[in-house]
Every structure is written in C-alpha cells, then in structure tokens.
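Student: FYI, in the UniProt record's numbering the residues of the sequence shown are 1 to 378.
Below is a structure I'd like to ask you about.
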Amino acid sequence: MVIIMLLKNASVFIDGKFQAADITVSGGLFQDTAANTEEHETLDLTDKLIIPGFIELHSHGCIGYDFTTSAPEELEKMCEFYSENGITSILATTMTIGYDTYKKAMENIKTVCEKGTKGSRIIGINMEGPFLGASKKGAHDTRYLLSINEQKYEELNDISGDRVRIIDLDPDLPGALPFIEKYSKKKIISLAHTSCDYDTAVKAIEAGATHVTHLFNAMNGLHHRAPGIIGAVSDCPVNAEIICDGIHIHPSVMRLVFKAFPEKLILISDSMSAAGLEDGPYELGGQKVIVKDGKAALEDGTIAGSTTTIYKAFKKCIEIGIPVEQAVLSATLYPARAIHADNEIGSIEKGKRADFIVMDKNYNIEKVYSGGNLIVSH
Numbered sequence: 001m002v003i004i005m006l007l008k009n010a011s012v013f014i015d016g017k018f019q020a021a022d023i024t025v026s027g028g029l030f031q032d033t034a035a036n037t038e039e040h041e042t043l044d045l046t047d048k049l050i051i052p053g054f055i056e057l058h059s060h061g062c063i064g065y066d067f068t069t070s071a072p073e074e075l076e077k078m079c080e081f082y083s084e085n086g087i088t089s090i091l092a093t094t095m096t097i098g099y100d101t102y103k104k105a106m107e108n109i110k111t112v113c114e115k116g117t118k119g120s121r122i123i124g125i126n127m128e129g130p131f132l133g134a135s136k137k138g139a140h141d142t143r144y145l146l147s148i149n150e151q152k153y154e155e156l157n158d159i160s161g162d163r164v165r166i167i168d169l170d171p172d173l174p175g176a177l178p179f180i181e182k183y184s185k186k187k188i189i190s191l192a193h194t195s196c197d198y199d200t201a202v203k204a205i206e207a208g209a210t211h212v213t214h215l216f217n218a219m220n221g222l223h224h225r226a227p228g229i230i231g232a233v234s235d236c237p238v239n240a241e242i243i244c245d246g247i248h249i250h251p252s253v254m255r256l257v258f259k260a261f262p263e264k265l266i267l268i269s270d271s272m273s274a275a276g277l278e279d280g281p282y283e284l285g286g287q288k289v290i291v292k293d294g295k296a297a298l299e300d301g302t303i304a305g306s307t308t309t310i311y312k313a314f315k316k317c318i319e320i321g322i323p324v325e326q327a328v329l330s331a332t333l334y335p336a337r338a339i340h341a342d343n344e345i346g347s348i349e350k351g352k353r354a355d356f357i358v359m360d361k362n363y364n365i366e367k368v369y370s371g372g373n374l375i376v377s378h
C-alpha cells in the first residue's frame, strides 16, 4: 500500500482522550501506522493537536447567505466559510418559509450536493419547519407553519433527492405520533418548537423520535412539577442539540447539563446569515433580523438563531469550564452517532474518512483536512 501521509508527534484525540500517536492517511481514510512504507509524505506535528473534523447538524446560514433562500453558488461559498471554521460535514438546515420557496431550496441543495464543494461536505438536510408549534415558533414565520402533512414532506424530500436526514416537528400537532412511527424507520425525528409536556415528549420518543432541537430554546423550561422535554431528555434514550454562545443558555446551565447527561449533548450553532459578518440588519427565513453585539433578534426581540460557529461554540465550552474532551465529543462523534454516520465520520479510527483538524495548544485552527485532502491552511 502506498501511504499518502504520515502524521507524527502530535497529540491525537482517540477513544475520547488526547494521546501521543502517529496516524496514517491513505486513500482518504485513516489507516494503521505503517513504519516500513515505500512512499509517504511525513508531517512533523510536534506540539500540535489533531481532532476529528467538526460535524454541524444545525446551521441555517453564514456570510450573508442561507440554505433556504440562497442560490447554489452562494451555498458553495457558505461551505468554504464552514470549512475555515473546522467543519468537514454539515446538514443544510432549512427554515419555515413559503412552500414554493421551500421547494426551490431543496432543489438548490440537491444541486450543490451533486456537484460537490471545495469546503465542507453537505451530507444531508435538517428540515426545521414547517411542522412546528405556533406557541414556540421562535423566529419561524407563523404565516408558513403547516400542520403535519405526509404528502408535502414526501414532495420536499423527493425534490432533495432523498437527502432529508432530520425532520423537526412539534409532537403536540395532530398526527404527530403516527408520522413519527412511520418516518423514524428511515429518518431522524427531532422534537422541536413545542409547548409539549413531559408525557407527550416521552410518548414521541417511544414512537421513534431520537433527537431534540436546541435544548432549552423554543420549549417550556424545566420545572420541578412539570419537567417537559428537558426531563424527557434526562430520562430517555435521546440526543439533544445545544447552543453554546453565551446568549441562548447561561453558562451555569451549560455546566449543569454537561454534568447530567454529557453523552447526549450535540453542539450546534443554529447560525443564521450574519455568522461571520458584522452587526447590522439581515434576513432569516424572509424575516428582518437585527444583529447587535453578536445577538440576532427579530424586531419584536425574539432571538433569531445565532451568529456563532461550531468552532466558537467549542472554544466557548472550554472557556466556561466544560472539559475539552467533552467539547470535542459533542462536536464530532456525538453528532455523527446521532445521524447514524459514525461508521464513516466523527472519530479517528482505521477505515473512517480522514476528516480532521490540526490545532495549536490553544485550540486555534491551523489546518483542516477532508478525506485526507488539505482544504484549509491558516
């Protein structure tokens, strides 16, 4: 076997911890280290860290564009920005919007997936909306929220080329449980934007839901007599997204949940088009958003996604006292596992895709590799 690349002397994140290791990349995959290879490129990474590439399951947009309204060439620019922030795989996350626009979004995402990008790989779609609850709509436009409709879901998924991986829905909506039972066999069902109580959440999970969208946000809070979805996450086998930007959730609460059920937590950005840009006016799902001091909000003050990135969220976790090992897992292996992609990505193991980040000791990104190819060098 011809060895393409031998990475030596780094501290590598393997099996949930950093350890001294040399790793070999061949054919775009991680391989066993082979000392007696005839051809190889050796990189001395003394004093460097290597972690798996970040996996973003929930981002609507960045640098002035978004997955719901932007053209294919703009989506490609977004993927380049994502890769600069260490993301090697991403789910294109849609937004509640007019149905014709939604169909066009699915078509555009399909086009980019078929063509490929120079940056992050789009590995599917997170369909956030339109099957959400009006009482906890957040920044989703009430005019375009829909009752659960199998025909519309099927049409949107077909247009995308069967690329929907996560379907977000409110389990309180009529028809939610039968929908979950039917589609959870092939897709990830995520409980989202809902006022549902604990019992309803548990029933939805028993029906097949395995995911919860941005824990604590757009849902009822935890109460000692009404635990709601948060209590269900604690009790049930389910994964939960969490936004660590210092705005959506207080650092104390972040520390609490990372102590309570760290293995269930998935770092997301939930970023909108202003990520990577300055404060000012923007759009999210066709609605006006004002960004001030990095906080994105509708004109009525409702938080409208974030302006962070997974990379910033990762560093924020470390800043507020979350163990770095846990922050890495929540940005890599756990999201891969949540969408059943952990046999291919999410960790540094023989036979897995060689998606990884080279960092300095202060967790600053220096290089990003996708399938063994260098795609970012700072």
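Ideal placement from N, C-alpha and C gives every residue a C-beta, glycine not left out.
(1) With DSSP collapsed to three states, give me the class of Leu57.
(2) Could you tell me which residues DSSP pairs with Ser26 in its beta bridges?
(3) Give every residue of the same chain whose Cβ lies closer than 7 Å to the Cβ of Glu107, excluding the five residues on either side of it in the sequence, and list them in chain order.
(4) Would you kindly work out how many angstroms separate the C-alpha atoms of Lys352 and Gly119, rounded to a whole number?
(5) Three-state secondary structure (DSSP) at Ala21?
(6) Could you check whether the stretch 301-311 touches the stretch 83-95, counting it as contact only if at least three pairs of C-beta atoms, one from each stretch, sit closer than 8 Å?
(7) So what's Ala35 in DSSP terms, helix, strand or just coil?
(8) Return the chain-ordered list of same chain residues with a C-beta closer than 8 Å to the C-beta of Lys103, the five sequence neighbours on each side being excluded.
(9) Where residue 394 and Lys292 are concerned, what is the direct C-alpha to C-alpha distance, given to the nearest angstrom?
(10) Need the endpoints of the beta strand (DSSP E) that Thr93 sits in, please.
(11) Kindly indicate which residue of Met5, His193, Ile14, Val358 has the alpha-carbon position closest to the one of Ser135.
(12) When you compare each of Asn373, Gly129, Ile348 to Phe13 by their alpha carbons, which one comes out closest?
(13) Using a Cβ-Cβ cut-off of 8 Å (strictly less than) and excluding sequence neighbours within five positions of Ile4, which residues of its own chain qualify?
(14) Is Val257 helix, strand or coil when you go by DSSP?
(15) Of the residues Ser234, Ile229, Leu29, which one's Cα is nearest the Cα of Lys264?
(16) So what's Leu333 in DSSP terms, helix, strand or just coil?
(17) Rank Ile303, Lys8, His211 by C-alpha distance to the C-alpha of Tyr334 and give the top, closest one.
(18) Per DSSP, what are the beta-bridge partners of Lys367 in this structure?
(19) When you compare the CB positions of Asp100 and Gln287, do they come within less than 8 Å of one another, or not?
(20) Spatial neighbours of Leu45 within its chain, please: CB distance less than 7 Å, with the 5 preceding and 5 following residues excluded, ordered by chain position.
(21) Figure out for me which residue from Asp168, Phe314, Glu76 has the closest Cα to the Cα of Thr117.
(22) Quick one: give me the first and last residue of the beta strand (DSSP E) that Thr42 is part of.
(23) Checking 8 Å against the spacing of the C-beta atoms, do His214 and Ile180 come in under that value?
(24) Nearest by alpha-carbon distance to Val328: which of Ala341, Glu344, Phe356, Gly305 is it?
(25) Nearest CA to the CA of His250: which residue from Ile320, Thr332, His60, Ala240?
(26) In terms of residues, what are the limits of the alpha helix (DSSP H) holding Phe81?
(27) Just to confirm the assignment: which complete alpha helix (DSSP H) runs, minimum length 4, are found wholly within the stretch 221-292?
(28) In terms of residues, what are the limits of the alpha helix (DSSP H) holding Leu177?
(29) Mapping the DSSP letters down to three states, classify Lys187 as helix, strand or coil.
(30) Going by the DSSP bridge assignment, what does Ala297 pair with across the sheet?
(31) How is Lys8 classed by DSSP in three states: helix, strand or coil?
(32) Buried or exposed: which applies to Gln19, given that a residue is buried once 16 or more other Cβ atoms fall within 10 Å of its Cβ?
(33) Which class does His318 belong to by DSSP, given the choice of helix, strand or coil?
(34) If you compare alpha carbons, which of Lys182, Leu222, Ala207, Tyr183 is closest to Ser195?
(35) Going by other Cβ atoms of all chains shown within 10 Å of its Cβ, with 16 needed for buried, is Glu241 buried or exposed?
(36) Mind checking which residues open and close the beta strand (DSSP E) that includes Asn126?
Tutor: Reading off the structure:
(1) As a first step, residue 57 must be located in the sequence shown, where it is residue number 57. In the structure shown, Leu57 sits in a strand (DSSP, three-state: E or B).
(2) Taking the sequence shown and counting its residues from 1, one reaches residue 26 at position 26. Answer is Leu29.
(3) Position 107 of the sequence shown, counting from 1, holds the residue named residue 107. So the list reads Ile159, once near-sequence residues are dropped.
(4) For this step, residue 352 is matched to residue 352 along the sequence shown. For this step, residue 119 is matched to residue 119 along the sequence shown. In a straight line, the C-alpha of Lys352 is about 19 Å away from that of Gly119.
(5) For the purposes of this step, residue 21 is identified with residue 21 of the sequence shown, where counting begins at 1. Strand at Ala21.
(6) yes
(7) Stepping through the sequence shown from its first residue, residue 35 is reached at position 35. The predicted model places Ala35 with a pLDDT of 49, which falls under 50 and marks its position as unreliable, so this point remains unresolved.
(8) Residue mapping note: residue 103 aligns to position 103 of the sequence shown, counting from 1. Correct list, in chain order: Glu155, Leu156, Ile159.
(9) In the structure displayed, the chain extends from 1 to 378; residue 394 sits before or after that span and is not available.
(10) Within the sequence shown, numbered from 1, the residue matching residue 93 stands at position 93. 87-93 is the extent of the beta strand (DSSP E) around Thr93.
(11) By one-based count along the sequence shown, residue 135 stands at place 135. The option with the nearest alpha carbon to Ser135 is His193.
(12) To locate residue 13, count along the sequence shown from 1; it is residue 13. That would be Ile348, whose Cα lies nearest to the Cα of Phe13.
(13) Residue 4 sits at position 4 when you count from the first residue of the sequence shown. If we look at Ile4 and ignore the five residues flanking it on each side, its Cβ neighbours are Val25, Ser26, Gly27, His40, Glu41, Gly372.
(14) In the sequence shown, the residue the question calls residue 257 occupies position 257. Taken through DSSP and simplified to helix, strand or coil, Val257 comes out as helix.
(15) Within the sequence shown, residue 264 is the residue found at index 264, counting from 1. Looking at the Cα atoms, Ser234 is the closest of the given residues.
(16) For the purposes of this step, residue 333 is taken as the residue at position 333 of the sequence shown. Helix.
(17) Translated into the one-based positions of the sequence shown, residue 334 becomes position 334. When each option's Cα is compared against that of Tyr334, the closest is His211.
(18) Numbered from 1 along the sequence shown, position 367 holds the residue referred to as residue 367. Its beta-bridge partners are Val358, Ser377.
(19) Walking along the sequence shown from the start, residue 100 turns up at place 100. Walking along the sequence shown from the start, residue 287 turns up at place 287. The answer is no: Cβ separation not under 8 Å.
(20) Reading the sequence shown from its first residue, position 45 is the one you call residue 45. In the same chain as Leu45, and ignoring 5 residues on each side of it, the C-beta atoms closer than 7 Å to its own belong to Leu7, Lys8, Asn9, Ala10, Val358, in chain order.
(21) Residue numbering aside, residue 117 sits at position 117 when the sequence shown is read from its first letter. If we check each option's Cα against that of Thr117, Glu76 comes out closest.
(22) Here the question's residue 42 lines up with position 42 in the sequence shown. Looking at the DSSP string, the run of the beta strand (DSSP E) that includes Thr42 is 41-44.
(23) Within the sequence shown, residue 214 is the residue found at index 214, counting from 1. Within the sequence shown, residue 180 is the residue found at index 180, counting from 1. Cβ distance not < 8 Å, so His214 and Ile180 don't count as in contact.
(24) Reading the sequence shown from its first residue, position 328 is the one you call residue 328. Of the candidates Ala341, Glu344, Phe356, Gly305, the one whose C-alpha sits nearest the C-alpha of Val328 is Phe356.
(25) Along the sequence shown, read from residue 1 onward, the residue named residue 250 stands at position 250. Checking every option, the nearest Cα to that of His250 belongs to Ile320.
(26) Taking the sequence shown and counting its residues from 1, the one referred to as residue 81 is at position 81. Counting along the chain, the alpha helix (DSSP H) containing Phe81 begins and ends at 72-84.
(27) 228-235, 251-260
(28) The count along the sequence shown starts at 1 and reaches residue 177 at position 177. 176-183 is the extent of the alpha helix (DSSP H) around Leu177.
(29) Mapped onto the sequence shown, residue 187 falls at position 187. Of the three classes helix, strand and coil, the one that applies to Lys187 here is coil, per DSSP.
(30) Reading the sequence shown from its first residue, position 297 is the one you call residue 297. Its beta-bridge partners are Ile290, Ile303.
(31) As a first step, residue 8 is located in the sequence shown; it is residue number 8 there, counting from the start. It is a strand residue.
(32) The residue given as residue 19 occupies position 19 in the sequence shown. Exposed is the call here.
(33) Taking the sequence shown and counting its residues from 1, the one referred to as residue 318 is at position 318. The sequence given here places Ile at residue 318; His does not occur at that position. Three-state result, Ile318: helix.
(34) Numbered from its first residue, the sequence shown carries residue 195 at position 195. Closest option to Ser195, Cα to Cα, is Leu222.
(35) Along the sequence shown, read from residue 1 onward, the residue named residue 241 stands at position 241. Under this definition Glu241 is a buried residue.
(36) By 1-based counting over the sequence shown, the position of residue 126 is 126. Element bounds for Asn126: 121-128.
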